[in-house]
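*Asks:* As numbered in my numbering, residues 274 to 887 make up the sequence shown, in order.
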Amino acid sequence: MVETLWELNHVSLGRSSARRVDDVSLVVRPGVTAVMGPSGAGKTSLLNLLVEFERPDAGQFNDCFPQDGARPPLAWVPPDFGLWPHLTVREHLETVQPVRSGTYEVSSLLEGFELTQIADAHVGRLSQGERSRLAVARALCSDPLVLVMDEPLVHVDSASLDDYWRLIRDHCRSRTTSLVFSTHSPDVVLREASRVVCLDRGRVSYEGPVQTLYSEPPSPQLARLLGPANWFDESDVPHWLSGAHETMQRHCIRPERLRLTPASDEGLTVHESRTIGSLVETELEHELTQDRRTIVHQQGDAPLTAGTRVLLQLCVVLLMCLLWSGCQSSEAGPQLPVTGTRTLKMPADGSSVPAPRSLTVSDEGELYVLDNAGRVLVYDAQGELNRQWRMPEYDVGKPEGVCVLDDGTVAVADTHYHRIVVFTKTGDVLRMFGELGEEPGQFIYPVAITKDDSGHVYVAEYGGNDRIQKFKVDGTLVTTFGSFGIDEGQFQRPSGVVWLDGQVYVADAINNRVQVYSDEGDYRETIVDAARDGSVNVDYPYDIALGPDASLFLVEYGAGRVTRIDLQGKLLGRYGNVGRDEGQFYTPWGITVDQQGRVFVADTGNHRTVELSL
Numbered sequence: 274m275v276e277t278l279w280e281l282n283h284v285s286l287g288r289s290s291a292r293r294v295d296d297v298s299l300v301v302r303p304g305v306t307a308v309m310g311p312s313g314a315g316k317t318s319l320l321n322l323l324v325e326f327e328r329p330d331a332g333q334f335n336d337c338f339p340q341d342g343a344r345p346p347l348a349w350v351p352p353d354f355g356l357w358p359h360l361t362v363r364e365h366l367e368t369v370q371p372v373r374s375g376t377y378e379v380s381s382l383l384e385g386f387e388l389t390q391i392a393d394a395h396v397g398r399l400s401q402g403e404r405s406r407l408a409v410a411r412a413l414c415s416d417p418l419v420l421v422m423d424e425p426l427v428h429v430d431s432a433s434l435d436d437y438w439r440l441i442r443d444h445c446r447s448r449t450t451s452l453v454f455s456t457h458s459p460d461v462v463l464r465e466a467s468r469v470v471c472l473d474r475g476r477v478s479y480e481g482p483v484q485t486l487y488s489e490p491p492s493p494q495l496a497r498l499l500g501p502a503n504w505f506d507e508s509d510v511p512h513w514l515s516g517a518h519e520t521m522q523r524h525c526i527r528p529e530r531l532r533l534t535p536a537s538d539e540g541l542t543v544h545e546s547r548t549i550g551s552l553v554e555t556e557l558e559h560e561l562t563q564d565r566r567t568i569v570h571q572q573g574d575a576p577l578t579a580g581t582r583v584l585l586q587l588c589v590v591l592l593m594c595l596l597w598s599g600c601q602s603s604e605a606g607p608q609l610p611v612t613g614t615r616t617l618k619m620p621a622d623g624s625s626v627p628a629p630r631s632l633t634v635s636d637e638g639e640l641y642v643l644d645n646a647g648r649v650l651v652y653d654a655q656g657e658l659n660r661q662w663r664m665p666e667y668d669v670g671k672p673e674g675v676c677v678l679d680d681g682t683v684a685v686a687d688t689h690y691h692r693i694v695v696f697t698k699t700g701d702v703l704r705m706f707g708e709l710g711e712e713p714g715q716f717i718y719p720v721a722i723t724k725d726d727s728g729h730v731y732v733a734e735y736g737g738n739d740r741i742q743k744f745k746v747d748g749t750l751v752t753t754f755g756s757f758g759i760d761e762g763q764f765q766r767p768s769g770v771v772w773l774d775g776q777v778y779v780a781d782a783i784n785n786r787v788q789v790y791s792d793e794g795d796y797r798e799t800i801v802d803a804a805r806d807g808s809v810n811v812d813y814p815y816d817i818a819l820g821p822d823a824s825l826f827l828v829e830y831g832a833g834r835v836t837r838i839d840l841q842g843k844l845l846g847r848y849g850n851v852g853r854d855e856g857q858f859y860t861p862w863g864i865t866v867d868q869q870g871r872v873f874v875a876d877t878g879n880h881r882t883v884e885l886s887l
């Protein structure tokens with residue numbers, strides 16, 4: 274299983290004066306991803322880049338599709354459907370179906386998309402809705418690993434949409450097919466997608482979980498992409514919301530969380546009210562200020578007529594959550610006592626500013642940073658860039674793990690070249706070990722590396738052969754442990770690893786766990802499991818670091834935060850949330866801690882390295 278389908282770094286498409294895609298840096302992961310935005314935002318242009326129908330005019334574009342010789346890597350439903358005028362409906366499906374599939378798959382898709390009655394018709398006889406359904410059915414019939422659809426089923430009547438989307442959903446789940454689609458429909462995104470990319474004038478305005486965009490959008494414009502929303506700034510709260518805390522921060526409140534009820538002694542008066550399906554849109558006037566605003570809310574027990582005095586209330590559960598969030602960070606629990614922050618400058622690489630991916634601190638206090646330009650950057654204890662060098666090769670992909678060994682040499686997990694490269698501290702290559710393969714001593718994608726106190730190194734890898742391998746410092750294999758899966762002792766992208774007192778602690782990213790092995794390779798326990806009651810909740814823990822007091826630090830790619838736990842998995846503190854401001858992180862990849870307790874975070878999505886003083 275791959276962790277990334279596409280990676281775009283500062284990608285642009287179109288003339289500099291009229292960019293259709295403008296300086297986009299984005300990672301598209303397996304699963305279901307929706308692309309949203311107003312007309313002309315760049316949705317089609319972005320999808321054209323993903324399927325390589327167009328090529329970028331600037332930036333780096335990499336696809337990392339899973340390899341399966343029995344299945345095509347990609348199928349595309351373009352906005353004009355791309356149908357073949359000389360073939361019938363049935364022949365469209367028969368032409369693309371894999372050899373191993375029989376007529377059952379073709380017949381099933383024809384029936385499911387209500388094309389059986391026109392199976393012998395050519396494209397010229399089809400309506401737009403029929404063409405739309407045929408394009409989707411053809412793509413599914415080809416059984417791709419990844420399916421890209423540009424506003425699919427846009428010409429289909431709304432009464433049938435749910436049934437067709439159910440077919441798409443069931444097919445993708447049963448075949449483990451990743452799906453990327455563009456749409457203007459909030460309902461489809463909320464029902465079908467787990468992540469969403471929002472575009473505005475060619476730029477990414479949001480990328481992350483759908484549920485986060487729905488419940489905690491960063492702006493009113495983004496909130497409206499997922500349907501009706503009420504936006505309250507801090508100054509609005511005491512005037513409009515009864516019972517809400519005056520220091521409540523700005524929030525998007527969806528209609529199902531608001532209720533208007535008649536109340537004779539309140540200062541809000543209904544100016545006009547209209548029903549919109551299951552919701553009500555009411556224009557209110559504040560009696561003291563004469564201000565007006567329109568509220569979208571759930572229906573009450575009785576209709577609201579003009580002149581009715583009303584009370585605007587938050588649902589109780591939401592109100593408690595908002596009050597708590599006004600005093601706490603993104604999740605309840607102890608907060609890390611951060612006394613100061615500093616951003617370390619990432620040096621430009623030509624006209625672009627690369628992003629950090631992995632980092633570590635040497636015993637001398639030097640900070641080593643790997644970036645996505647294939648460079649090793651070395652900062653001194655004051656945060657000044659001291660020296661840098663490039664990997665021997667970096668066109669195929671960039672390294673993702675670094676460790677300073679006891680003799681001062683620097684070991685780098687050269688991820689996409691399936692090897693470990695050992696440098697002198699000034700960047701000369703001393704040796705390499707490893708090659709592509711699944712046998713002991715070989716690698717698919719080595720992603721993290723650490724050492725113990727007896728001269729051994731431990732390398733974590735992913736790519737379907739997820740495991741930990743233990744080597745002598747010269748590259749001689751000692752043992753391997755773990756395998757790909759979801760059971761105890763198995764991993765899905767073990768992307769961080771540290772050693773302490775004979776124990777190996779592994780950040781099992783996709784499984785949202787921290788697992789513990791002996792350094793001989795015996796499974797011990799799972800100290801963090803987001804799916805287990807009573808455990809600390811984590812969201813894609815991408816890296817793990819050891820503090821000077823033997824506590825563990827995790828950086829969470831999905832939650833945009835740093836989490837500190839003890840060796841038993843007890844939560845000690847948290848810092849940060851998803852965003853681009855101070856105190857926030859955006860898809861962070863790496864973390865390390867020096868002997869003074871300073872925490873360094875590879876804030877990858879924000880193209881910066883952040884130092885936290887505790």
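We put the CB at the ideal spot given by N, CA and C, even for glycine.
#1: Just to confirm the assignment, what range does the alpha helix (DSSP H) spanning P493 have?
#2: Please classify Q340 as buried or exposed, where buried requires at least 16 other C-beta atoms within 10 Å of its C-beta.
#3: Specify whether the region 733 to 742 and the region 757 to 776 touch according to this definition: at least 3 beta carbon pairs, one from each stretch, less than 8 Å apart.
#4: Does DSSP classify C445 as helix, strand or coil?
#5: Give a yes or no on whether the C-beta atoms belonging to G332 and V284 are separated by under 8 Å.
#6: If I follow the unbroken alpha helix (DSSP H) through R406, where does it start and stop?
#7: Can you look up P627 in the DSSP assignment and give me helix, strand or coil?
#8: Just verifying my parser: in three-state terms, what is the DSSP assignment at T752?
#9: Quick one: using the 10 Å Cβ neighbour count with 16 as the cut-off for buried, is L286 buried or exposed?
#10: Can you tell me the Cα-Cα spacing of G833 and G852, whole angstroms?
#11: Out of Y859, I817 and K843, which one is the CA nearest neighbour of G831?
#12: Do L640 and F873 have their C-beta atoms closer together than 8 Å?
#13: Would you mind reading off the limits of the alpha helix (DSSP H) that contains P459?
#14: Which of helix, strand or coil does DSSP assign to L885?
#15: Which stretch, first to last residue, makes up the alpha helix (DSSP H) that contains Q484?
#16: For G807, count neighbouring Cβ atoms within 10 angstroms of its own Cβ and tell me buried if that reaches 16, exposed if not.
#17: Going along the chain, which unbroken runs of the beta strand (DSSP E) with 3 or more residues stay wholly within the region 755 to 838?
#18: Suppose the cutoff is 8 Å on Cβ atoms and the five residues either side in sequence are ignored; what does the same chain contact list for S415 look like?
#19: At the level of alpha carbons, what is the spacing between L533 and T567?
#20: Report the CB separation of F454 from M422 in whole angstroms; it is logged as a contact under 8 Å.
#21: What first and last residue would you give for the beta strand (DSSP E) that runs through T865?
#22: Which one or two residues does DSSP pair with C471 in a beta bridge?
#23: Considering only residues of the same chain and omitting the five flanking positions on each side of K671, which have a CB-CB separation below 6 Å?
#24: Please list, in chain order, all residues of the same chain as S318 whose beta carbon is under 8 Å from its beta carbon, the five residues on each side excluded.
#25: Measure the C-alpha to C-alpha separation of E884 and A721 and round it to an integer number of angstroms.
#26: Which same chain residues end up closer than 7 Å to H365 when comparing Cβ atoms and leaving out the 5 residues on each side of it in sequence?
#27: R398 and V379 - do their beta-carbons sit closer together than 8 Å?
#28: Put T520 into one of helix, strand or coil per three-state DSSP.
#29: Name the DSSP bridge partner or partners of V738?
#30: Across which residues does DSSP place Y652 in a beta bridge pair?
#31: So V634 and D460 are supposed to be a Cβ contact under 8 Å. How far apart are they, rounded?
#32: Rounded to whole angstroms, what is the Cα-Cα separation between D680 and R439?
#33: Let's see if you can read the secondary structure: which residues bound the alpha helix (DSSP H) around L320?
#34: For H428, collect the residues of the same chain with a Cβ closer than 8 Å to its Cβ; drop the 5 residues on either side in sequence, then sort them by chain order.
#35: Are P719 and V732 touching if we call contact CB-CB under 8 Å?
#36: What number of angstroms, rounded off, separates the C-alpha of L514 from the C-alpha of N850?
*Replies:* With the given structure in hand:
#1: P493 to R497 is the span of the alpha helix (DSSP H), which, as asked, contains P493.
#2: Around the beta carbon of Q340, fewer than 16 other beta carbons sit within 10 angstroms, so the residue counts as exposed.
#3: Look at the beta carbons and you see the region 733 to 742 touching the region 757 to 776: at least three pairs across the two are nearer than 8 Å.
#4: The answer is helix: DSSP assigns C445 an H, G or I state.
#5: Yes, Cβ-Cβ distance for G332 and V284 is below 8 Å.
#6: Start and end: Q401 to C414.
#7: Coil, per DSSP.
#8: Reduced to three states, the DSSP call for T752 is strand.
#9: Here L286 is buried, its C-beta having at least 16 other C-beta atoms within 10 Å.
#10: So the alpha carbons of these two residues sit roughly 7 Å apart.
#11: It is Y859 whose Cα lies nearest to the Cα of G831.
#12: A Cβ-Cβ contact shorter than 8 Å links L640 with F873.
#13: P459 to E465 is the span of the alpha helix (DSSP H), which, as asked, contains P459.
#14: L885: strand per DSSP, three-state reduction.
#15: Element bounds for Q484: V483 to S488.
#16: G807 comes out exposed.
#17: Counting whole runs of 3 or more residues, the region 755 to 838 contains the beta strand (DSSP E) stretches 767 to 773, 776 to 781, 786 to 791, 796 to 802, 814 to 819, 825 to 829 and 834 to 838.
#18: Once the five neighbours on either side are set aside, the close Cβ partners of S415 are P345, A348, V369, Q370 and P371.
#19: Straight across, the Cα-Cα distance linking L533 with T567 is about 12 Å.
#20: Confirmed, about 4 Å.
#21: From DSSP, the beta strand (DSSP E) with T865 extends over G863 to V866.
#22: Checking the DSSP bridge columns, you'll see C471 partnered with M309 and Y479.
#23: Excluding the 5 residues flanking it on each side, K671 has same chain C-beta neighbours closer than 6 Å at N645 and G647, in chain order.
#24: Hits under 8 Å: L286, G287, R293, V294, E327 and G475.
#25: E884 and A721: Cα-Cα distance of roughly 21 Å.
#26: Result list for H365: L356, W357, L407 and R411, in chain order.
#27: Contact: no.
#28: The predicted model places T520 with a pLDDT of 42, which falls under 50 and marks its position as unreliable; any figure quoted below should be read in that light. Coil, per DSSP.
#29: Rather than Val, the amino acid found at residue 738 in this sequence is Asn. Listed as beta-bridge partners of N738 by DSSP are no residues whatsoever.
#30: L640 and L658.
#31: For a cut-off of 8 Å, the C-beta gap from V634 to D460 is around 48 Å, too long to register as a contact.
#32: Approximately 58 Å, taken between the alpha carbons.
#33: L320 -> alpha helix (DSSP H) spans K316 to L323.
#34: Spatial neighbours of H428 in its own chain (CB-CB distance under 8 Å, excluding positions within 5 residues in sequence) are listed in chain order as S400, Q401, G402, R404 and S405.
#35: Between P719 and V732, the C-beta gap is smaller than 8 Å, which places the two residues in contact.
#36: Looking at the two C-alpha atoms, the distance is approximately 26 Å.
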